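Here's the structure we're looking at; comments come further down.
Have a look at this one:
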C-alpha cells in the first residue's frame, strides 16, 4: 500500500515523525523568507513569539498565547514590533514568511497554523496596508489535511483592459503567488494567486489549485520510500522571461518527478475568451485569474535529501529551469544540483565562518546555480 493511500493519521505520523511533532509544539520553526527590504529602505521581519513578548502587562493566559509578530524598521528610526493580524488565538503557528509590494506599500505575511485537536494545519495570509490588517485562508482539498511550508512572491504584470469609457488602456497589477505542500487525500503542492488591480485587492477571486493539475499530470500520488524532505518543499521565484510570471519547483508524486513549471496569467482582457468567442468587457473574473502553466521541465526527485522536518530546504531555479537545492546544517551551507548527474553525487558543503557567513555563501551558490 502506498504511503499516500494509508489512513490520514498514520500517514501524517510517518511524514512528521514523533520528534518533529514535538519540536513543532515546542516552538521550533524552519528557516524561511523572514525578512524583506523595501525600495525606500524600510526593513520588515516576521517571526513567531508569544503575545507577552510583544505586549507588556498582559494576563498570564494571553501572555503565553502564540502569535506571529512583525518588526518594522524605517530608515533612521528605531524598530517597532506589532502583532500580525489574525494570529492572536490558541493555534500553534510556524513556517512564517513574508513579502512586500512596493507599488501598493502592502506587507504580506503567510504562515501555517496547527490545530492540535483534530490535527489539521491551515495556510493563512495576513495583509497590512494603510495601517490595517486583512486576513484570509486558502481552502484545502476535501477531507483531512495538513498544509505546510508556504512560500510567497510578488510580481508585476502589464495588461490591456477597458477603461470606464470602453477605451483600451494598458494597466499594471501586482500578483502575489503562493505555493505550499498539502497532505490530504492526495499529497501534492498547491498554488494560489492574489491580485491587486486598480489599487484594490481581489480577495474574492482567490482559488487554490493543485500544481499537479496545472502541470497537466495529475492522478493518485505515491510517496513510498521517499524522505519527506525530498518532496515537501515547493519553491517559487520570478520568471526572468515572463511579464509578471513565476517559476515554481515542486515534486509531482503522481509521476514521481520533480517539476519546474512556468506560470503566468492572461495579459489582454480586451479580446474574447478563446473557448467561447463571446466578447466581454474585461472578461470574467475566472478568466482573468486562471493560471497558465507552460514550459515545464522534469527532473528526478532529490531522494538523497533526507533531513529533519524542522530543517528548511531552499530551491534556486536557473533561467533555464534547472533546480538547485540548499540547506543549512552543522555550521555549513549544503547544496546539490537537481539534474540527474548532480543528484548521483553527495551534497557539497560550504563551511560558514565569521568572515564568510550565510549571505555570502548563499550568494555564491546562487551565482553558480543560475548558470545551470
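Residue numbers (the working numbering): 5 to 376. From the three backbone atoms N, C-alpha and C, an ideal C-beta is built for every residue, glycine too. Keep in mind it's a predicted model, so treat the numbers as computed, not measured.
The beta carbon of residue 181 lies closer than 6 angstroms to those of 157, 197, 240 and 250 in the same chain, with the five residues before and after it left out.
The three-state secondary structure of residue 244, taken from DSSP, is coil. Residue 143 carries a coil assignment under DSSP once its states are collapsed to helix, strand and coil.
DSSP, read as helix, strand or coil, puts residue 100 in strand.
Taking all protein chains in view, the Cβ of residue 179 is crowded by 16 or more other Cβ atoms within 10 Å, so the residue is classified as buried. Pairing residue 41 with residue 357, the inter-Cα distance amounts to about 25 angstroms. The C-beta of residue 275 has fewer than 16 other C-beta atoms within 10 Å across all chains shown, which makes the residue exposed. Three or more Cβ pairs drawn from the region 295-312 and the region 217-235 lie within less than 8 angstroms of each other, which places the two stretches in contact.
Scanning 255, 234 and 168 for the CA closest to the CA of residue 195 turns up 255.
When only Cα atoms are considered, residue 43 and residue 133 end up about 16 angstroms apart. Taken through DSSP and simplified to helix, strand or coil, residue 309 comes out as coil. Comparing C-alpha distances from residue 73 to each of 364, 238, 64 and 102 shows the shortest one belongs to 102. Per DSSP, reduced to three states, the secondary structure at residue 315 is coil, with no helix or strand assignment. Per the coordinates, the alpha-carbon of residue 231 lies some 10 angstroms from the alpha-carbon of residue 313.
In the DSSP assignment, residue 372 falls within the unbroken alpha helix (DSSP H) covering 362-373. Every beta strand (DSSP E) stretch that sits fully inside the region 178-233 and reaches 3 residues is listed by chain position as 191-201 and 204-206.
Per DSSP, reduced to three states, the secondary structure at residue 92 is coil, with no helix or strand assignment. Cβ neighbours of residue 362 within its own chain (closer than 8 angstroms, five residues either side excluded): 332, 337 and 356.
DSSP, read as helix, strand or coil, puts residue 292 in helix.
In this structure, DSSP gives residue 105 an extended state, which the three-state scheme calls strand. By the C-beta density criterion, residue 136 is exposed, having fewer than 16 other C-beta atoms within 10 angstroms. Taking C-beta atoms as the reference points, residue 50 and residue 69 fail to come closer than 7 angstroms.
In the three-state reduction of the DSSP assignment, residue 347 falls in the helix class. Within the same chain, 230, 231 and 234 come within 7 angstroms of residue 307 by CB-CB distance, once the 5 residues on both sides are set aside. Rounded to the nearest whole angstrom, the CA to CA distance from residue 64 to residue 91 is 17 angstroms. The C-alpha of residue 81 is placed about 38 angstroms away from the C-alpha of residue 185. Taking the CA atoms as reference points, residue 131 sits about 19 angstroms from residue 95. Its chain contains 340 as the residues whose beta carbon lies nearer than 7 angstroms to that of residue 346, once the 5 sequence neighbours on both sides are disregarded; these appear in chain order. Just so you know, the alpha carbons of residue 309 and residue 330 end up roughly 9 angstroms apart.
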